[in-house]
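Student:
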Amino acid sequence: MKNYIKNLSYLLLSFTLLLGSCEVEDSLTVTSPDATFTLNTPGISSVFLNFALPDNPAFTINWVDPLSSGTDYTVEMATDADFTTPIALGSTENSNFSMSVTDFNDAINNAGVTSFRDVAIYLRVKNADKLTNSILLLVTTYPVNSPTFSGVADGDSFVLSLDNNDAVAITVGWNDPILDSSLNIDIDYYLEAALDGTDFAMPIEAGSVKNESSITLTNAQLNSIAIQAGIPVDTEGKLQLRVRSVIKDTASNSVLERIATPITINVTTYLTVLDLSTTWGIVGSAANDWGATPDLPLFKTDVDGVLNAYVNLTDGEFKFRENNDWANNYGSDSSNGGSLTSGGGNMTVSAGSYKIVMDLNNLTYTIESFSLGIVGGAYNDWGASPDFMLEYDQYSDVFRGIVTLIDGEMKFRMNNDWGTNYGDDGADGTLEDGGANIVVTAGIYIATVDLNDKTYSLEKIEHVWGLVGGAYNDWGATPDAQFKRDWSKPFNEVWILENVTLIDGEYKFRSNNDWGTNYGDDGADGVLENGGANLSTAAGTYTFSLDFSDPNNITYTKN
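For the sequence shown, position 290 (counting from the first letter as 1) is numbered 290 according to full-length UniProt numbering, and the numbering increases by one without interruption.
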């Protein structure tokens, strides 16, 4: 009886000690049931999935099953050690298993994992009711799912206006979990647009950013994109937007591209330039050798039926005609202005710059000397040489020119004469007749004068572009062929060079008649690179266009 009580006491003491040890332990290690066969631990525990090697094995595992019954083994994956939601990766009759980079990456993404680095993935093998032990891999994945739009949605409408030209019209955002990851990679995002229904056959790049999640467009930018896509001016149309994500593997030059599901927005455009074109022009020996080239155009004014032109004429004769054709033409018995008659006589003129007005309402015309130029110590030592002449911009009804100035002062004046001159008394951008000199610093400027409201601007720029090469000027033995800004595209930086004659040879584009900044085409793909390869041409007369609107994608055309 004593021995029984003693043994019972030992049992109760052991139970008490066991409970006490549980209370003082910081944590408990819970073990899964013993495995019935063994999954070997692989030689590596960290796996980097490289999209540039999609078919390479992501991992290889093997196991030992001395009681194999010859049935299939199923390899399972889970994102937690308890295998709460096991995912079958594949089956095999062998005692080893491999999986490609693409398949393993897809499986992890399909499991709802939103992180990309050190993703905990547990593996085990199942055979009927038998299970191996589990192993842990820390995996770095790459994104599969495309970005999704934020801040703008299908059916949103945007009514654009010239009054809000520089104001923000739209901020296009997107969600992409990889931006919040700790992966040390660069992601380029491109916002692309296309006319609804075209399936992005000719996408227009609306903007690009690196490692950012939004792009902001002004009224001017969205308007230009919509019109370029094919929505007419002053019209509501449907524009599709998509975001294209690009990740590059520098070692292999492989590219991982993901494209967001497009959305469609409604855009109402506006007129960015004036349409002052008419069917009437000036023809003659003084203008275009009686039609050897197109007639000099006459433009609309604020009075219907009253047209005008700002032209440089040579000694000779001229008339007015419609559609570059003699079927409808007007002349006059007077060369100093007066009545016009159908099929009337030629008017004579001396070489010079003129403003010519044709009044179709009263069948009369006027002609007067007219030029608007820059004079001053900043340009021509106050008239020691001819003034710099501004040209009429029919797209904005202003006078413009690109001029190089030095430190000093300047004014605007008419006809190289002080009879009519303009300065700026308040340095406020408004011109006054006989006003104060305008102070400038050295540089290249776009000078603009609006005689309708007597305003002006001087916009400083860095480059004036030219064509240089053996095909034109023996690589700079004479000045380069100078481009002009295309004022019909006021919100894009497009330069044009019309009707330049080249010989067989090579050429490039450069800035300010200097080799400091020059462009060629390494890939002969229409995209220019700074310092790129020479371009080749056959002899002929050509028109060139340079588009610097996107500094990351400078393009040119040759016609």
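Even glycine gets a Cβ: it sits at the ideal position worked out from N, Cα and C.
#1: Which of the three DSSP states is assigned to threonine 71 in this structure?
#2: Is it right to say glutamate 459 is buried, meaning 16 or more other beta carbons lie within 10 angstroms of its own, or is it exposed?
#3: At 3 residues or longer, and completely inside the UniProt domain "SusE outer membrane protein" (26–126): list those beta strand (DSSP E) runs for me, N to C.
#4: Does the ligand FMN have even one heavy atom less than 6 Å from the beta-carbon of arginine 258?
#5: Touch check for the stretch 390–401 and the stretch 415–434: three-plus C-beta pairs under 8 Å?
#6: What residue from Ile496, Thr102, Glu192 and Asp407 has the CA that sits closest to threonine 543's CA?
#7: By how many angstroms is the C-alpha of proline 297 removed from the C-alpha of leucine 363?
#8: Going by DSSP, name the residue or residues bridged to glycine 207.
#9: Considering only their Cβ atoms, is the gap separating tyrosine 519 from asparagine 530 smaller than 7 Å?
#10: Out of Lys558, Leu274 and Tyr73, which has the shortest C-alpha to C-alpha gap to phenylalanine 37?
#11: Let's see if you can read the secondary structure: which residues bound the alpha helix (DSSP H) around isoleucine 225?
#12: Name the residue from Ser214, Thr71 and Ala533 whose alpha carbon lies nearest to the alpha carbon of lysine 508.
#13: Note down the Cα distance separating lysine 210 from aspartate 156, rounded to an integer number of angstroms.
#14: When we look at the beta-carbon of residue 587 and count the other beta-carbons within 10 Å, is it buried (16 or more) or exposed?
#15: Starting from methionine 414, trace the beta strand (DSSP E) both ways and give me its first and last residue.
#16: Could you tell me which of Thr430, His463 and Trp465 sits nearest to threonine 448, measuring between CA atoms?
#17: Are the beta-carbon atoms of threonine 314 and serine 335 separated by less than 7 Å?
#18: Under DSSP, the beta strand (DSSP E) around phenylalanine 370 begins and ends at which residues?
#19: Where in the stretch 257–312 do unbroken runs of the beta strand (DSSP E), each at least 3 residues long, occur, reported from the N-terminal end onward?
#20: Could you pull out every residue in the same chain whose Cβ sits closer than 8 Å to the Cβ of glycine 526, ignoring the five residues on either side in sequence?
#21: Would you mind giving the Cβ-Cβ distance between glutamate 258 and proline 147, rounded to the nearest angstrom? I have them listed as a contact below 8 Å.
#22: Can you list, in chain order, the residues of its chain whose CB lies under 6 Å from that of leucine 360, leaving out five sequence neighbours each side?
#23: At a cut of 8 Å, does the stretch 342–358 reach the stretch 376–383 through at least three beta carbon pairs?
#24: Taking only the alpha-carbon atoms, compute the straight-line gap between asparagine 452 and glycine 469 and give it to the nearest angstrom.
#25: Between phenylalanine 491 and the rest of its own chain, which residues show a CB-CB distance below 6 Å, the 5 nearest in sequence each way excluded?
#26: When you compare the CB positions of methionine 414 and isoleucine 438, do they come within less than 7 Å of one another, or not?
#27: In the structure shown, what three-state DSSP assignment does isoleucine 503 receive?
#28: Got a sec? Which residues, its chain only, sit under 7 Å from tyrosine 392 by beta carbon, not counting five neighbours each side?
#29: If you follow the beta strand (DSSP E) that alanine 327 is in, where does it begin and where does it stop?
#30: Considering only DSSP beta bridges, list what lysine 319 is partnered with.
#31: Just list the residues that DSSP pairs phenylalanine 399 with in beta bridges.
#32: Identify, in the order they occur along the chain, each residue of the same chain with its Cβ nearer than 8 Å to the Cβ of valine 125, setting aside the five sequence neighbours on each side.
#33: Does the beta-carbon of residue 560 have 16 or more other beta-carbons within 10 angstroms, so that it is buried, or is it exposed?
#34: Let me confirm a value: methionine 202 is counted as buried when at least 16 other C-beta atoms fall within 10 Å, else exposed. Which label applies?
#35: Please classify glutamate 432: is it buried, with 16 or more other beta-carbons within 10 angstroms of its beta-carbon, or exposed?
#36: Examine the Cβ distances between the stretch 182–190 and the stretch 151–168 and report whether three or more of them are shorter than 8 Å.
Tutor: Reading off the structure:
#1: On the sequence shown, position 71 is the one that residue 71 refers to. Correct three-state label for threonine 71: coil.
#2: By 1-based counting over the sequence shown, the position of residue 459 is 459. It counts as exposed.
#3: DSSP runs (the beta strand (DSSP E)) wholly in the UniProt domain "SusE outer membrane protein" (26–126): 46–48, 57–64, 73–78, 87–92 and 96–100.
#4: The ligand FMN is not part of this structure, which contains no ligands at all.
#5: With contact defined as three or more Cβ pairs closer than 8 Å, the stretch 390–401 and the stretch 415–434 are not in contact.
#6: Here residue 543 corresponds to residue number 543 of the sequence shown, with the count starting at 1. Nearest of Ile496, Thr102, Glu192 and Asp407 to threonine 543, Cα basis: Ile496.
#7: For the purposes of this step, residue 363 is taken as the residue at position 363 of the sequence shown. For the purposes of this step, residue 297 is taken as the residue at position 297 of the sequence shown. For leucine 363 and proline 297, the distance between alpha carbons rounds to 18 Å.
#8: Position 207 of the sequence shown, counting from 1, holds the residue named residue 207. DSSP lists Leu191 as the beta-bridge partner residues of glycine 207.
#9: Position 530 of the sequence shown, counting from 1, holds the residue named residue 530. Position 519 of the sequence shown, counting from 1, holds the residue named residue 519. The answer is yes: Cβ separation under 7 Å.
#10: Here the question's residue 37 lines up with position 37 in the sequence shown. Relative to phenylalanine 37, the option among Lys558, Leu274 and Tyr73 whose CA is nearest is Tyr73.
#11: As a first step, residue 225 is located in the sequence shown; it is residue number 225 there, counting from the start. Isoleucine 225 -> alpha helix (DSSP H) spans 219–229.
#12: On the sequence shown, residue 508 is found 508 positions in, with the first residue counted as 1. Per the Cα distances, Ala533.
#13: Here residue 210 corresponds to residue number 210 of the sequence shown, with the count starting at 1. Here residue 156 corresponds to residue number 156 of the sequence shown, with the count starting at 1. Cα to Cα, the separation comes out at about 26 Å.
#14: Outside the modelled stretch of the chain, which goes from 1 to 559, sits residue 587, for which no answer is possible.
#15: If you number the sequence shown from 1, residue 414 lands on position 414. Here the beta strand (DSSP E) through methionine 414 covers 408–414.
#16: Taking the sequence shown and counting its residues from 1, one reaches residue 448 at position 448. A check of alpha carbon separations from threonine 448 across Thr430, His463 and Trp465 identifies Thr430 as the nearest.
#17: The residue given as residue 314 occupies position 314 in the sequence shown. The residue given as residue 335 occupies position 335 in the sequence shown. Cβ distance not < 7 Å, so threonine 314 and serine 335 don't count as in contact.
#18: In the sequence shown, residue 370 corresponds to position 370, counting from 1. Phenylalanine 370 -> no beta strand (DSSP E), and no H or E assigned at all.
#19: Restricting attention to beta strand (DSSP E) runs no shorter than 3 residues, the stretch 257–312 encloses them at 263–268 and 280–283, ordered along the chain.
#20: The residue you call residue 526 lines up with position 526 of the sequence shown. Once the five neighbours on either side are set aside, the close Cβ partners of glycine 526 are Thr555, Tyr556 and Thr557.
#21: Taking the sequence shown and counting its residues from 1, the one referred to as residue 258 is at position 258. Taking the sequence shown and counting its residues from 1, the one referred to as residue 147 is at position 147. In the sequence as displayed, the identity of residue 258 is arginine instead of glutamate. Contact holds; Cβ gap of about 7 Å.
#22: Here residue 360 is taken as the residue at index 360 of the sequence shown, counted from 1. Excluding residues within five positions, the ones whose Cβ falls inside 6 Å are Gly305.
#23: No, because fewer than three Cβ pairs between the stretch 342–358 and the stretch 376–383 fall closer than 8 Å, the two stretches do not touch.
#24: As a position in the sequence shown, residue 452 is number 452, starting the count at 1. As a position in the sequence shown, residue 469 is number 469, starting the count at 1. So the two alpha carbons sit approximately 42 Å from each other.
#25: For the purposes of this step, residue 491 is taken as the residue at position 491 of the sequence shown. Within the same chain, phenylalanine 491 has close Cβ partners Ala220 and Ser224.
#26: Residue numbering aside, residue 414 sits at position 414 when the sequence shown is read from its first letter. Residue numbering aside, residue 438 sits at position 438 when the sequence shown is read from its first letter. Judged by beta-carbon spacing, isoleucine 438 lies beyond the 7 Å limit of methionine 414, meaning their Cβ atoms are not closer than that value.
#27: Here residue 503 corresponds to residue number 503 of the sequence shown, with the count starting at 1. The three-state reading of DSSP puts isoleucine 503 in coil, since its state is none of H, G, I, E or B.
#28: Taking the first residue of the sequence shown as position 1, residue 392 is located at position 392. Within its own chain, the residues whose Cβ lies closer than 7 Å to the Cβ of tyrosine 392, once the five positions on either side in sequence are excluded, are Tyr310 and Phe399, listed in chain order.
#29: Mapped onto the sequence shown, residue 327 falls at position 327. Residue range 325–331 is occupied by the beta strand (DSSP E) that includes alanine 327.
#30: By one-based count along the sequence shown, residue 319 stands at place 319. Beta-bridge pairing links lysine 319 to Val283.
#31: Counted from its first residue, the sequence shown places residue 399 at position 399. DSSP, once it has assigned bridges, lists Tyr392 and Val449 as partnering phenylalanine 399.
#32: Start at 1 with the first residue of the sequence shown, and residue 125 comes out as number 125. Answer for valine 125: Phe37, Leu39, Ile61, Trp63, Tyr73, Thr74, Val75, Glu76, Phe97, Leu131 and Thr132, listed in chain order.
#33: For residue 560 there is no data in the structure shown, the boundaries of the chain being 1 and 559.
#34: Against the sequence shown, residue 202 aligns to sequence position 202. Of the residues assessed, methionine 202 falls on the exposed side of the cut-off, its CB having fewer than 16 other CB atoms within 10 angstroms.
#35: Taking the first residue of the sequence shown as 1, we reach residue 432 at position 432. Exposed.
#36: Taking 8 Å as the limit for Cβ pairs, the verdict is that the stretch 151–168 does not touch the stretch 182–190.
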